[in-house]
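Undergrad: Under full-length UniProt numbering, think of the first position of the sequence shown as 1, with each following residue one higher. Mind having a look at this structure? Questions to follow.
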Amino acid sequence: MYNSQLPTDGSQTPNGAPMGSRVSDFGQRVERHGNERIRLLLKSFGLRTSLIRLKVIDALLVAAENDRRLGVRGVHSQLLDLDIPLSFLSVREVLKRLCAEGVITFNADKSYSLHPQAAAVLNSD
């Protein structure tokens with residue numbers, strides 16, 4: 001029987017490696033943020049949920065946890081590394097829109113970070 005979640009090249013998913021998790025540069029498993037938290041964040045700012053918004057915010061959260069700052073190119077590169085094929089222009093436009101709505105801030109070093117009010121919404125759980 002066909003299963004759309006299994007690879008089509010005949011290879012098997014490694015045992016013990018849950019889908020949606022990645023191994024970081026330091027060999028530690030990095031668990032992805034729950035999309036539900038980000039959905040609630042977007043809703044609290046009056047924004048619709050979209051895959052690109054979820055992924056961009058998640059990329060910024062992961063970077064912040066690793067004490068890194070990402071600009072447009074950094075966010076785009078991180079998404080490509082996760083096999084999320086979004087165009088550079090799409091990422092830039094989403095970052096601009098999230099800034100305009102107050103979800104993220106554009107820093108002096110041309111990086112983006114979560115706005116303190118948005119961080120408070122995420123941490124209110």
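We put the CB at the ideal spot given by N, CA and C, even for glycine.
In or out: L60 buried (at least 16 other Cβ within 10 Å) or exposed?
TA: So L60 ends up on the buried side.
Undergrad: So, R53 versus V91, is the Cβ gap smaller than 7 Å?
TA: For R53 and V91, no; Cβs fall outside 7 Å.
Undergrad: For the stretch 77-89 and the stretch 39-57, state whether three or more C-beta atom pairs, one from each stretch, are separated by less than 8 Å.
TA: Yes, the stretch 77-89 is in contact with the stretch 39-57.
Undergrad: If you run the structure through DSSP and keep just helix, strand and coil, what is I104?
TA: Strand, per DSSP.
Undergrad: Going by DSSP, what residues sit across from L40 in a beta bridge?
TA: Paired residue(s): none; L40 is not in a bridge.
Undergrad: For L89 and L114, what's the separation of their Cα atoms in angstroms?
TA: L89 and L114: Cα-Cα distance of roughly 20 Å.
Undergrad: Have a look at the DSSP bridge pairing and note the partners of D113.
TA: According to the sequence shown, residue 113 is Ser rather than Asp. DSSP output for S113 lists T105 as bridge partner(s).
Undergrad: Would you kindly work out how many angstroms separate the C-alpha atoms of R48 and L42, rounded to a whole number?
TA: If you take the alpha carbons of R48 and L42, they lie about 7 Å apart.
Undergrad: What are the partner residues of L47, as DSSP defines its beta bridges?
TA: DSSP, once it has assigned bridges, lists no residue as partnering L47.
Undergrad: Taking all protein chains shown into account, do 16 or more other C-beta atoms lie within 10 angstroms of the C-beta of A108, making it buried, or fewer, making it exposed?
TA: Exposed, because fewer than 16 other Cβ atoms sit within 10 Å of the Cβ of A108.
Undergrad: Would you report the Cα separation of S44 and Y112, rounded to the nearest angstrom?
TA: Roughly 20 Å separates the two Cα atoms.
Undergrad: So, is A120 buried or exposed, given that buried needs 16 or more other C-beta atoms within 10 angstroms?
TA: It counts as exposed.
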